[in-house]
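One structure is given here, and the rest of the page talks about it.
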């Protein structure tokens, strides 16, 4: 029996620490394991005994790239538990700050982390020598997203202005004027970015994913909606645990999420796009069609196009929200805590971010459960690696390694969030 | 992330950037030196503190003729040792192992800025060797003691950079 092991001991251009082991036996991929060895971070345990008001600032620390996702899921869960509804301008401001996070996170991944794979560069620094304009544009896009987060969140990383019920302080219309200017420019750069990445050469590779995302009747989802899939799932977010479960695996400090009845599923841009294409503005739909994308895309390598489209969307949506903004009378809806359980689920740049908290009568957290997007995508990442590697087994190990790393980056995994992650080992026998 | 103080200086002059996370022990030395510079630099010199996003740092540099970066370096046996590197004459030594756990550390940020022709003409790096980078820990005594000395050196450095920049005459 011929066995071979290919190993990537430390994955680069992903957020966090992980590795990949690929086992090839008798010309067949027998195992693809994404090993997440970033130490567990115990956030759910840290939250026990803390007051509800502390939660947004604690969970923001889970991730430096997508803190808004954790804050938003947390505040929605708190409000769900205490029977509070946040609407009008405060709801709009939440969508607006989420636009900022999608812009900065997607721009970082598309240009600095993922594009070098398609153009044959080892990193963005080398790529910048030949594609300097696009890298400069990427930095400008990221800056526009960061600016939006700073204006609404108080600072760019781990923002401090989000609270249950709304915000500590809301911006005046005048404070949003400079943001409008940078977003208008960012939208044009994002359209150029879509056309640039759409011209890349993509592997002919598709999988029949079960896409799972939020779906809202009136809008492309950020903060609210039902949990739906392209198969038979259509549930409220409070019913998440009836359909999904997390399993511990020996090779990862992050839990693996599964659909109880079927196994792996996919969250993130491809899922959101497939399940909500009709909610995108005509301008973004037209741009997608111009780039050869239909309403559903099953090629994970083309997720780079969808991310770029979502940057365009986030810029347009942010501009729309700012144009309609009238500052609310109150920066936050008052909250009176009581014993109960609350659920929150929002669309982080990488996909669903689901939270559940149990509170006592004073609003102190008795139990917390946080399911980040990368945990949910891990089984699909391993399934993609097995399927992809099977098609290139005759290639040299170095080619297999590179393509496997690119496959992982298709998911923009945030290992730090999921460990709460990458080395690649290929074992051939 | 600008944190301690951000004093405007029109582009064309000198920018001093303290790098690192003050909540991670000796990684806070960059911020500590920036704090020690308050009131000691000429009005046309800007001071910033950035704690994580070094991509944003590249855009901070835009329009400045010279920058001085202060960052913590990995332990090599002499906590508090100050290493000055003039990147016009010397490559940033890789074995300094700057302590960013993010994908883009200071050497990579400088390399990217140069690829994009966004790097200032002069870049001086003060790397201060740390001992402990524990969460929530204060600066260790030897590193804390180096802050004032490093600040004195940066004040003198800024003075020299202002005199050596092409627009030195601007209002020196």
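Chains as they are written, first to last, in our numbering: chain Y, 1 to 429; chain E, 1001 to 1172.
Glycine included, every Cβ here is placed at the ideal spot set by N, Cα and C.
Using the beta-carbon of each residue, which ones in chain E are nearer than 8 Å to residue i?
{"i": "residue 128 (chain Y)", "result": "1112, 1115 and 1116"}
{"i": "residue 405 (chain Y)", "result": "Within 8 Å Cβ-Cβ: nothing; residue 405 (chain Y) doesn't reach chain E, min ~14 Å."}
{"i": "residue 230 (chain Y)", "result": "By Cβ distance, chain E contributes nothing, its closest Cβ being about 33 Å from residue 230 (chain Y), past 8 Å."}
{"i": "residue 135 (chain Y)", "result": "1112, 1115 and 1116"}
{"i": "residue 132 (chain Y)", "result": "1115, 1116 and 1117"}
Does residue i come within less than 8 Å of chain Y when only Cβ atoms are used?
{"i": "residue 1063 (chain E)", "result": "no"}
{"i": "residue 1099 (chain E)", "result": "Caution applies to residue 1099 (chain E), whose pLDDT of 49 falls short of 50 and renders its modelled position unreliable; the value that the coordinates give is listed next. No, its Cβ sits nowhere closer than 8 Å to a Cβ of chain Y."}
{"i": "residue 1013 (chain E)", "result": "no"}
So is residue i buried or exposed if we call it buried at 16+ other beta carbons inside 10 Å?
{"i": "residue 1078 (chain E)", "result": "exposed"}
{"i": "residue 119 (chain Y)", "result": "exposed"}
{"i": "residue 1100 (chain E)", "result": "With a pLDDT of 47 at residue 1100 (chain E), under the threshold of 50, the modelled position of this residue cannot be trusted, and the question is left open."}
{"i": "residue 1017 (chain E)", "result": "buried"}
{"i": "residue 131 (chain Y)", "result": "buried"}
{"i": "residue 1076 (chain E)", "result": "exposed"}
{"i": "residue 223 (chain Y)", "result": "buried"}
{"i": "residue 420 (chain Y)", "result": "The pLDDT assigned to residue 420 (chain Y) is 35, lower than 50, so where the model puts this residue is not dependable; a value taken from the coordinates is nonetheless given after this. Counting Cβ neighbours within 10 Å, residue 420 (chain Y) comes out buried, since at least 16 surround it."}
{"i": "residue 282 (chain Y)", "result": "exposed"}
{"i": "residue 380 (chain Y)", "result": "buried"}
{"i": "residue 384 (chain Y)", "result": "buried"}
{"i": "residue 250 (chain Y)", "result": "exposed"}
{"i": "residue 257 (chain Y)", "result": "buried"}
{"i": "residue 76 (chain Y)", "result": "buried"}
{"i": "residue 1108 (chain E)", "result": "buried"}
{"i": "residue 52 (chain Y)", "result": "buried"}
{"i": "residue 67 (chain Y)", "result": "buried"}
{"i": "residue 1086 (chain E)", "result": "exposed"}
{"i": "residue 399 (chain Y)", "result": "exposed"}
{"i": "residue 8 (chain Y)", "result": "buried"}
{"i": "residue 1163 (chain E)", "result": "exposed"}
{"i": "residue 330 (chain Y)", "result": "exposed"}
{"i": "residue 168 (chain Y)", "result": "exposed"}
Against residue i, what residues of chain Y qualify as contacts under a CB-to-CB distance less than 7 Å, listed in chain order?
{"i": "residue 1059 (chain E)", "result": "139 and 143"}
{"i": "residue 1108 (chain E)", "result": "125"}
Whose Cβ in chain Y lies nearer than 8 Å to the Cβ of residue i?
{"i": "residue 1055 (chain E)", "result": "108, 112, 139 and 142"}
Is the Cβ of residue i closer than 8 Å to any Cβ of chain E?
{"i": "residue 146 (chain Y)", "result": "yes"}
{"i": "residue 156 (chain Y)", "result": "yes"}
{"i": "residue 61 (chain Y)", "result": "no"}
{"i": "residue 8 (chain Y)", "result": "no"}
For residue i, write down the residues that DSSP places opposite it in a beta bridge.
{"i": "residue 31 (chain Y)", "result": "Y:23"}
{"i": "residue 357 (chain Y)", "result": "Y:342 and Y:368"}
{"i": "residue 72 (chain Y)", "result": "In the DSSP output, where bridge partners are listed per residue, residue 72 (chain Y) has none listed."}
{"i": "residue 1048 (chain E)", "result": "E:1017"}
{"i": "residue 36 (chain Y)", "result": "Y:18 and Y:252"}
{"i": "residue 1084 (chain E)", "result": "E:1126"}
{"i": "residue 351 (chain Y)", "result": "Y:348"}
{"i": "residue 166 (chain Y)", "result": "Y:163 and Y:332"}
{"i": "residue 1067 (chain E)", "result": "E:1015 and E:1123"}
{"i": "residue 51 (chain Y)", "result": "Y:364"}
For residue i, which residues in chain E fall below 9 Å Cβ to Cβ?
{"i": "residue 401 (chain Y)", "result": "Those within 9 Å of residue 401 (chain Y) in chain E number zero; the least Cβ separation is about 19 Å."}
Note down, one range per segment and in chain order, each alpha helix (DSSP H) of at least 4 residues found wholly within the region 170-212 of chain Y.
The region 170-212 of chain Y contains these whole alpha helix (DSSP H) runs: 173-198.
In chain order, what are the residue ranges of uninterrupted alpha helix (DSSP H) at least 4 long that sit wholly in the region 289-348 of chain Y?
DSSP runs (the alpha helix (DSSP H)) wholly in the region 289-348 of chain Y: 303-323.
Ordered list of beta strand (DSSP E) runs contained in the region 1112-1144 of chain E, each at least 3 residues
Whole beta strand (DSSP E) segments, 3+ residues: 1122-1129.
Whole beta strand (DSSP E) elements within the region 203-275 of chain Y, 3-residue minimum
Whole beta strand (DSSP E) segments, 3+ residues: 212-215, 226-229, 244-247 and 256-259.
What are the uninterrupted segments assigned as alpha helix (DSSP H) that are 4 or more residues long and contained completely in the region 131-162 of chain Y, given in chain order?
132-153, all fully within the region 131-162 of chain Y.
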